[in-house]
Every structure is written in structure tokens, then in C-alpha cells.
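Numbering follows the numbering used here, with no gaps: position 384 of the sequence shown is 418. Notes for the one structure printed next.
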Amino acid sequence: MRALDPLDLFETRSMLSEEEILVQDTVGRFVDEQVLPIIRECFEQHRMPAELVPQIAELGLFGCTLEGYDCAGLNNVCYGLACQELERGDSALRSFVSVQSSLVMYPIHAFGSEEQKQRWLPAMARGEAIGCFGLTEPQGGSDPSNMKTHAKRDGSDWILNGAKMWITNGNIADVALVWAQTDEGVRGFLVETGTPGFAAHKIENKMSLRASVTSSLFLDNVRIPADHILPGVTGMKGPLSCLNQARYGITWGPIGAAQACLKELLAYTESRVLFGRPLSHTQSIQERLADMARRITTAQLLSLRLGRLKDEGRLHPTQVSVAKWNNVRMALDIARDCRDMLGGSGISAEYTPIRHMLNLESVITYEGTETIHKLIVGKELTGVGAF
Ligand code: TGC
Ligand code: FAD
């Protein structure tokens, strides 16, 4: 009987096209050769590995599902597999690509003017311009409709005032997509970060996503020309539709983090000898490893199905919520349990589970907390929003 791959029990790889396998292997090689040798030091030093940006651009990963404007035009399964491989390295890298691609390039592509697309998309695809997405505010990220940041017309310009909190890439961005209330509803503004009145402050002392830049944004009478507003969307469906894109990628990413943890634990439990036998020969350890493999394979099947639905144009946002909830919870539980099975060594960054575990505390919080995703599913089942 053939042996199964413990990291892919249901052989999802055999369900991929040649192009999808090529993308996964190419990004996987990049992670093995360029990311893994430096990521622990980046995490410890609270440093985003900016030196990798040109290589990520070279791989065509920024805005990789978009058509035209120097973007790769890949399908959504390819994007998901890239997220999975990047997060096998570290959630911070997948976050960086998610924000650039799904939260800034996607809305410019979907809702921007032709001039905005020409101005930003090719430069962002090349990694020469970096974007950030300002939705969350200090008074509560789960309820973005309660938005205080506002924009008022002044002649043909707009004047923006307000604050955004927990913004990935804030300090390194060239352009901030800032969502603000106006008299006609919520609108998206492309704010060039050198504009007077705009400031980004790095959030220090994070114990999670330490290889990612996270910032607060402040807007103090920032004057924005009328042609910097996204013309194609008004209302909360603008930012929320960007979240569908990013959350989709996030369903894939934690699979990579969980695979990294399980792979390390399979090797560790085989070599660690306690009570005269390898740890992997004990029943309770095997049960825990088996549970991890079961949950990883379930997550892989969910994300692959989601990707196929998305490529067919049939994806429902509630399906994304089910998978974000399931897959991030799966990876966080696995990383925590792997940390435990490493014993004392598990608290050392020499081993990867604790880094993934700490990162996944952010992943389970951002892009809608686990509770918010449960409530989105609850609303789908009952027809009642209980947020
Ligand atoms: P609700 O009244 O239901 O809807 C308001 C309008 O939005 C439309 N809509 C959607 N459109 C597209 N996609 C979706 N998923 C949508 N959900 C709702 C809806 O049709 C309506 O449109 P219209 O035309 O009728 O006005 O909205 P609500 O205010 O009740 O909120 C619902 C709720 C709680 C689900 C929503 O606010 C929510 O998802 N909250 C969580 C916020 C969140 O996820 N924030 C993430 C910030 S970005 C981030 O975390 C980046 S991390 C990046 C990284 O580093 O990877
Ligand atoms: P709150 O909304 O205050 O939630 C606090 C707690 O209350 C949570 O446990 C939540 O689940 C619970 N809760 C909320 N509502 C309910 C309810 N109705 N019933 C029961 N429980 C409830 N945002 C951006 O806009 N752009 C970014 O680039 C970005 N990057 C981020 C990067 C990191 C590292 C982090 C940590 C966050 C980032 N965020 C970003 C913000 C993120 O989306 C928010 O943190 C998230 O939406 C939760 O908002 P909050 O932190 O204000 O928590």
C-alpha cells in the first residue's frame, strides 16, 4: 500500500493543474531558500524583511489574480497556494502580500478610475509602491460602520480628519486607502502618505506578527484632490468586498503554518526518547498527531473548494467566513499543541510552533475576529444579525 503524505492526507495536490503546482513549488522554493533562513531573526528583532519585496514582486505575487496593469492574471487557487507557502514561512509575509494585493490593488482595480489604475497598479505589482488599507478605528474594529473618520468637500477637494488603528504596512506605505464617512456614505480615498497632515506611527512591543509593520494612522485636515477618491463604490460594501478577497487568501495561509508545525513535530517525536521509546510510539502522542493531520486535510479541502467556487464566480461571503473561522482555529490549536509536545524546547524560537502560535493570535483577530465570523454564519442560518 502506498504511504500517504502526512501533510496532505487526501492528496489535494493531485487535484491541482500544472500551473497551480508550478506556482506552489516556485513560492515554496522561495520560502525555503530566502525566508526560512532569516525569518526567526526578523521575528526576534521585530523587523519586517523589506529586502524580500523585490523578490516577491519578481515572482509576480502582488495582485497576482488581477488582469492587466503588469499583473499576472493567475486564478484564485494559485493565489491561495502562494498564501499557503508564504505563511509556511511566516504569517507576516502572507499579511504583507494580502494587504498589497487584496486590500489595495484589488479595490483600485475594481473601483478605481483608469488614471488611478495606471498610476498605482503597475508600480505596486513591481513592489515599487507599497499600499496600506485603513478601515479599523480605535473605537472598535469589529463594527467598522461606526466610522468616525470623515471627509468634507472644500471646493473640488476633500478634507479628511480622523484616525485609523492597527494598520498593516502603515509606516512603509506610499499610498493609504483610507475609508471615510461623507455626506453621501462611506468612500475610499487614495491618500499619498507624504500629504501634509497625514502621519503614521509604528505600533511597538507587539508579541505577534513581529516581522510585519503595524501602525496607527492620523489624518489632520488632509487635503485630497477629487480625483484621488475611488469613483466606483459608495457605502460599506466597498471595504467589506475587499475583505472577502483578503479573507479568502487567509483561509489558505494558516494551512502552511500548521503544516510547518506538524512537520517539525513528526521529526521531533520520532527522535525524542522518553521512558525507553520514541515519543511518537505512545498512543496519546499519535492521537494528537493524527488529529492535526485530520484537521489540516479538512482545511485543505475547504480552501480548495472555496478557490474553485471563486474561480467560477460563485463564492458566497459566508462560505469564506466558515473557512476563515475553521482554518485559523485549526492552525492556532495545532501550533499550541505542537508547542506543548516540544516540552521546554517549545518556548524557544529555535523551534517554529511558538512563532506561528503567536502570529496566529493576530490572524484569528484581524479580518474579522472568530466571533464575528461565527455571527456571520449565524446570520446566514437564522436571517438575523446578532452582532
Ligand atoms: P451590513 O449592514 O450587513 O452591510 C453593510 C453593507 O455592506 C454590504 N456587505 C458586504 N458587501 C460585500 N461583501 C461582504 N462580505 C459584505 N457584508 C456586507 C451589505 O450588503 C450592505 O450593503 P448596502 O449596499 O445594502 O449598504 O453591515 P454591518 O455594519 O452590520 O456589519 C456586518 C459585519 C459585522 C459582518 C462587518 O462589519 C464585519 O465584517 N466586521 C468585521 C470587520 C473586519 O473584518 N475588519 C477587518 C479590517 S482589515 C484587516 O483586518 C486587515 S488585516 C490584514 C493583514 O495583515 O493580513
Ligand atoms: P473589538 O472589535 O473591540 O473586539 C474585541 C472583542 O469583542 C473581540 O473578542 C471580538 O470578537 C468581540 N466582539 C466584538 N463584537 C462582538 C459581538 N457583537 N458579540 C460578541 N463579541 C463581540 N485593520 C485594518 O483596517 N487594516 C489593517 O491593515 C489591519 N491590520 C491588522 C494587523 C494586526 C496585526 C492586527 C492585530 C489587526 C489589524 N487590523 C487591521 C485590525 C483588525 O481588523 C481588528 O483588530 C479586528 O477587526 C478587531 O477589532 P478590534 O481590535 O477593535 O477588537
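Ideal Cβ positions, reconstructed from N, Cα and C, are used throughout, including at glycine.
Candidates the options: closest to residue i by CA position
{"i": "Val133", "options": "Ile258, Ala327, Ala163, Asp371", "result": "Ala163"}
{"i": "His350", "options": "Tyr282, Glu119, Ile368", "result": "Tyr282"}
{"i": "Lys297", "options": "Cys117, Gln58, Arg122", "result": "Arg122"}
{"i": "Glu384", "options": "Asp59, Met35, Leu70", "result": "Leu70"}
{"i": "Glu321", "options": "Phe309, Thr303, Ala197, Leu308", "result": "Thr303"}
{"i": "Ser337", "options": "Asp325, His390, Val362", "result": "Val362"}
{"i": "Phe167", "options": "Glu226, Arg153, Val354", "result": "Glu226"}
{"i": "Gly161", "options": "Ser275, Ser176, Leu93, Gly290", "result": "Leu93"}
{"i": "Thr216", "options": "Gly204, Ala185, Asn203", "result": "Ala185"}
{"i": "Lys344", "options": "His80, Val111, Glu85, Ile55", "result": "Val111"}
{"i": "Gly97", "options": "Pro156, Phe44, Arg74", "result": "Pro156"}
{"i": "Thr403", "options": "Val65, Ala357, Met375", "result": "Ala357"}
{"i": "Gly102", "options": "Trp154, Leu251, Pro273, Glu78", "result": "Trp154"}
{"i": "Glu401", "options": "Val307, Cys276, Leu300, Ser318", "result": "Cys276"}
{"i": "Leu415", "options": "Gly377, Gln353, Val397", "result": "Gln353"}
{"i": "Arg128", "options": "Val65, Gly107, Ser176", "result": "Val65"}
{"i": "Ser136", "options": "Met158, Asp124, Gln150, Gln152", "result": "Met158"}
{"i": "Pro273", "options": "Thr332, Ser242, Lys236, Asp177", "result": "Asp177"}
{"i": "Ala197", "options": "Gly189, Phe252, Ser242", "result": "Phe252"}
{"i": "Trp200", "options": "Glu52, Ala214, Gly266, Pro172", "result": "Pro172"}
{"i": "Ile90", "options": "Asn239, Glu149, Gln68, Trp286", "result": "Gln68"}
{"i": "Glu78", "options": "Ser242, Val220, Met139", "result": "Ser242"}
{"i": "Gly107", "options": "Val87, Gln150, Val57, Ala126", "result": "Val57"}
{"i": "Gln152", "options": "Ala324, His262, Thr332, Leu340", "result": "His262"}
Which of helix, strand or coil DSSP assigns to residue i
{"i": "Thr352", "result": "helix"}
{"i": "Ile164", "result": "coil"}
{"i": "Ser147", "result": "coil"}
{"i": "Ala207", "result": "coil"}
{"i": "Thr285", "result": "helix"}
{"i": "His315", "result": "helix"}
{"i": "Leu323", "result": "helix"}
{"i": "Gln173", "result": "coil"}
{"i": "Gly341", "result": "helix"}
{"i": "Ser51", "result": "coil"}
{"i": "Phe130", "result": "helix"}
{"i": "Leu115", "result": "helix"}
{"i": "Lys182", "result": "coil"}
{"i": "Asp124", "result": "coil"}
{"i": "Thr46", "result": "helix"}
{"i": "Leu336", "result": "helix"}
{"i": "Gly155", "result": "Rather than Gly, the amino acid found at residue 155 in this sequence is Leu. Helix at Leu155."}
{"i": "Asp59", "result": "helix"}
{"i": "Val307", "result": "strand"}
{"i": "Thr99", "result": "coil"}
Own chain, CB closer than 7 Å to residue i, minus 5 neighbours either side, in chain order
{"i": "Ile388", "result": "Arg373, Gly380, Ile381"}
Nonlocal neighbours in the same chain, by C-beta distance under 6 Å from residue i, ignoring five residues either side
{"i": "Lys413", "result": "Gly419"}
{"i": "Met391", "result": "Ala369, Arg370, Arg373"}
{"i": "Arg74", "result": "Ala383"}
{"i": "Ala365", "result": "Pro288, Ala291, Ala292, Leu394"}
{"i": "Ile284", "result": "Lys358, Glu401"}
{"i": "Ile206", "result": "Ile164, Val247"}
{"i": "Ile406", "result": "Ser176"}
Delimiting residues of the alpha helix (DSSP H) encompassing residue i
{"i": "Asp39", "result": "That residue, Asp39, is in no alpha helix (DSSP H); it is neither H nor E in DSSP."}
{"i": "Gly196", "result": "It is not in any alpha helix (DSSP H) - Gly196 instead sits in the beta strand (DSSP E) that spans 191-202."}
{"i": "Val87", "result": "87-92"}
{"i": "Arg389", "result": "387-397"}
{"i": "Ile65", "result": "Checking the sequence, you will find Val at residue 65 rather than Ile. Run containing Val65: none; DSSP gives neither H nor E here."}
{"i": "His407", "result": "404-416"}
Boundaries (first-last residue) of the beta strand (DSSP E) holding residue i
{"i": "Glu226", "result": "219-226"}
{"i": "Ala233", "result": "232-236"}
{"i": "Leu253", "result": "248-258"}
Can we say the region 106-126 touches the region 137-145, given the rule of at least three CB pairs closer than 8 Å?
-> no
Could you tell me whether the region 175-193 touches the region 253-265, where touching means 3 or more Cβ pairs closer than 8 Å?
-> yes
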